[in-house]
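What follows is a single structure, written as structure tokens, with notes after it.
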Amino acid sequence: MGREYLDYLHDLFSAFAPVTTRAMFGGHGVYRDGVILAIVIDETLYLKVDDATRAAFEAEGSAPFVYEAKGKAVPMSYWTVPDEALDSPQDFRPWAQRAWEAALRKPKPKSKKRKASNRKMGSE
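Numbering-wise (the working numbering), the sequence shown opens with residue 10 and increments by one.
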């Protein structure tokens with residue numbers, strides 16, 4: 010992905026919030042405050058979607074990013090952005106806000122800490 014497209018993305022998000030981009034899985038992740046809210050694959054932007062925001066994306070004809078694994082299509086929770094929203098940072102802002110809210114609602118992964126033993130060492 011070219012620097013020009015990444016610069017465009019930073020400009021697009023400018024009315025919403027400062028973002029950073031990081032290469033990942035053959036594309037890029039888009040982050041705000043260290044939280045991923047979008048991915049870019051083949052210069053196509055996909056925003057984070059959840060149950061609360063999916064209907065808005067569906068109503069605009071957006072579609073999820075789909076990859077193939079073991080011969081099956083696997084849709085992700087990142088959806089294309091309506092074309093009109095890509096016209097300006099102001100038009101894009103409500104979509105970025107939806108993605109941010111969906112990203113914040115995503116449950117945090119459970120910690121895999123080992124449970125402390127109730128046994129006292131050395132006392133028998």
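C-beta: ideal position from N, C-alpha, C; glycine also.
> When DSSP builds the beta bridges, which residues end up paired with V49?
Replying inline: The residue given as residue 49 occupies position 40 in the sequence shown. For V49, which the question treats as bridged, DSSP gives the partners H37 and L54.
>> On the CB-based measure, 16 or more other CB atoms within 10 Å of its CB, does R123 come out buried or exposed?
In response: Within the sequence shown, residue 123 is the residue found at index 114, counting from 1. Only weak support exists for where R123 lies, its pLDDT of 47 falling under 50; the coordinates are left without a value.
>> Measuring straight from C-alpha to C-alpha, what distance separates A112 and V58?
In response: Sequence index remark: in the sequence shown, residue 112 carries index 103 (1-based). Sequence index remark: in the sequence shown, residue 58 carries index 49 (1-based). C-alpha separation (whole angstroms): 8 Å.
> When the Cα atoms are used, what is the spatial distance from V39 to A47?
Replying inline: What you label residue 39 is simply residue 30 of the sequence shown in a count that begins at 1. What you label residue 47 is simply residue 38 of the sequence shown in a count that begins at 1. Answer to the nearest angstrom: the Cα atoms are 5 Å apart.
> Quick one: is R41 buried, meaning 16 or more other Cβ sit within 10 Å of its Cβ, or exposed?
Replying inline: Here residue 41 refers to the residue found at position 32 when the sequence shown is read from its first residue. Buried is the label assigned to R41, since at least 16 other Cβ atoms lie within 10 Å of its Cβ.
> In chain order, what residues of the same chain lie with their CB nearer than 6 Å to the CB of M130, ignoring the 5 residues before and after it?
Replying inline: One-based indexing of the sequence shown puts residue 130 at position 121. Residue placement at M130 cannot be trusted, given a pLDDT of 46 that sits under 50; what the coordinates show is reported in the next sentence. Nothing meets the Cβ criterion.
> Under 8 Å between the Cβ atoms of L18 and L54?
Replying inline: Numbered from its first residue, the sequence shown carries residue 18 at position 9. Numbered from its first residue, the sequence shown carries residue 54 at position 45. Taking 8 Å as the cut-off, the beta carbon of L18 is found closer than this to the beta carbon of L54.
> Among W104, F25, F74 and A61, which has the Cα closest to the Cα of G36?
Replying inline: Start at 1 with the first residue of the sequence shown, and residue 36 comes out as number 27. If we check each option's Cα against that of G36, F74 comes out closest.
> Hey, how far is the Cα of R12 from the Cα of V28?
Replying inline: Residue mapping note: residue 12 aligns to position 3 of the sequence shown, counting from 1. Residue mapping note: residue 28 aligns to position 19 of the sequence shown, counting from 1. Cα atoms of R12 and V28: separation of roughly 15 Å, rounded to the nearest angstrom.
>> Measuring only the C-alpha atoms, how far is P118 from A68?
In response: Stepping through the sequence shown from its first residue, residue 118 is reached at position 109. Stepping through the sequence shown from its first residue, residue 68 is reached at position 59. Straight-line Cα distance between these residues: approximately 30 Å.
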